[in-house]
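Colleague:
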Amino acid sequence: MIDLYQVNYLLSVSWGGVSALLALAECPASVEKAIISSFSPVLNEPMLDYIDNAQVYLAAREKRKIGALLNDTVGKYLPRLFKLYNYKHLISLAEHEYAQIDFHISQIRTLSASNYVERFSSIKIPVLFINGEKDEYTTVEDARMFSNYIAKSSFNVVPDTGHFLDLESKAAWHHSQKTALQFLGTEARSEVWPSVTAMA
Numbered sequence: 001m002i003d004l005y006q007v008n009y010l011l012s013v014s015w016g017g018v019s020a021l022l023a024l025a026e027c028p029a030s031v032e033k034a035i036i037s038s039f040s041p042v043l044n045e046p047m048l049d050y051i052d053n054a055q056v057y058l059a060a061r062e063k064r065k066i067g068a069l070l071n072d073t074v075g076k077y078l079p080r081l082f083k084l085y086n087y088k089h090l091i092s093l094a095e096h097e098y099a100q101i102d103f104h105i106s107q108i109r110t111l112s113a114s115n116y117v118e119r120f121s122s123i124k125i126p127v128l129f130i131n132g133e134k135d136e137y138t139t140v141e142d143a144r145m146f147s148n149y150i151a152k153s154s155f156n157v158v159p160d161t162g163h164f165l166d167l168e169s170k171a172a173w174h175h176s177q178k179t180a181l182q183f184l185g186t187e188a189r190s191e192v193w194p195s196v197t198a199m200a
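Here the sequence shown stands for residues 1 to 200, where the numbers follow full-length UniProt numbering.
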């Protein structure tokens, strides 16, 4: 896909960081810079607890518990309206979508940093890691471990923010936007953060 569309910049969120970094390790010629957000090479205790509960609820198809789990854990700092839509979405998925989530979690569980991080040393482009200050699932400290493997890595912390970064508050949105655009070498446009009315 990167070669097909001649991608210049790559952005990933959360567990998408694994596939993004593995793709960058192949040194695609078109990619100049990458931003990896809310990701670390460690499945820490809070994250393991989260995916343990997710798999239990998925196996039993306890849809209401599945819907509440994300909002009570990685999404706990999201605005109320976002939590409402998350919940409605997660309790109304098709059967194959629940199966896909379960499969994805099983894949994540089998990942070991030792299986892939050594490959990241071949990444030569600048990579910016952005993590939330209050994110206990992919922590700032764990993310900094990437500096041992990626020569041109840099790190940014979004203050007073959890796993969902710019979705959590107007201040986090502004910080994330400014950080990303400065890294990419572009200027911010005068855009307005979505209001509750616009999101409804």
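Beta carbons: idealized from backbone N, C-alpha and C, even for Gly.
Predicted model, so just to flag it, every value in this text is computed and none were measured.
Below 7 Å between beta carbons: does that hold for V158 and L167?
Modeller: Result no, Cβ atoms of V158 and L167 do not sit closer than 7 Å.
Colleague: Could you check which residue in S169, F183 and L22 has the C-alpha nearest to that of residue 213?
Modeller: This structure cannot settle anything about residue 213, because the visible part of the chain is limited to 1 through 200.
Colleague: Is Y87 buried or exposed, if buried means 16 or more other CB atoms sit within 10 Å of its CB?
Modeller: With 16 or more other Cβ atoms within 10 Å, it is buried.
Colleague: Return the chain-ordered list of same chain residues with a C-beta closer than 7 Å to the C-beta of F82, the five sequence neighbours on each side being excluded.
Modeller: If we look at F82 and ignore the five residues flanking it on each side, its Cβ neighbours are L167.
Colleague: Would the beta-carbon of I130 fall within 7 Å of that of N148?
Modeller: Cβ distance not < 7 Å, so I130 and N148 don't count as in contact.
Colleague: Thinking just about the alpha-carbon of each residue, which of F120, G162 and L43 is nearest to the one in K134?
Modeller: Checked all of F120, G162 and L43; the closest Cα to K134 is G162.
Colleague: Could you say which of I125, D72 and A59 lies nearest to H96 if we only look at CA atoms?
Modeller: Taking only the C-alpha atoms, the option nearest H96 is A59.
Colleague: Measuring straight from C-alpha to C-alpha, what distance separates Y9 and E32?
Modeller: About 6 Å.
Colleague: Quick check: I91 and G67, are their CB atoms within less than 7 Å of each other?
Modeller: In contact: I91 and G67 (Cβ atoms closer than 7 Å).
Colleague: Would P79 and Y137 be called neighbours here (beta carbons separated by less than 7 Å)?
Modeller: Not a contact, by the Cβ cut-off of 7 Å.
Colleague: Could you spell out where the alpha helix (DSSP H) holding G132 opens and where it closes?
Modeller: Segment V127 to G132 is the beta strand (DSSP E) holding G132; no alpha helix (DSSP H) there.
Colleague: Alpha carbon to alpha carbon, how far is residue 235 from E62?
Modeller: The first residue shown for the chain is 1 and the last is 200, placing residue 235 beyond what the model contains.
Colleague: Mind checking A29: buried by the 16 CB within 10 Å criterion, or exposed?
Modeller: Counting Cβ neighbours within 10 Å, A29 comes out exposed, since fewer than 16 surround it.
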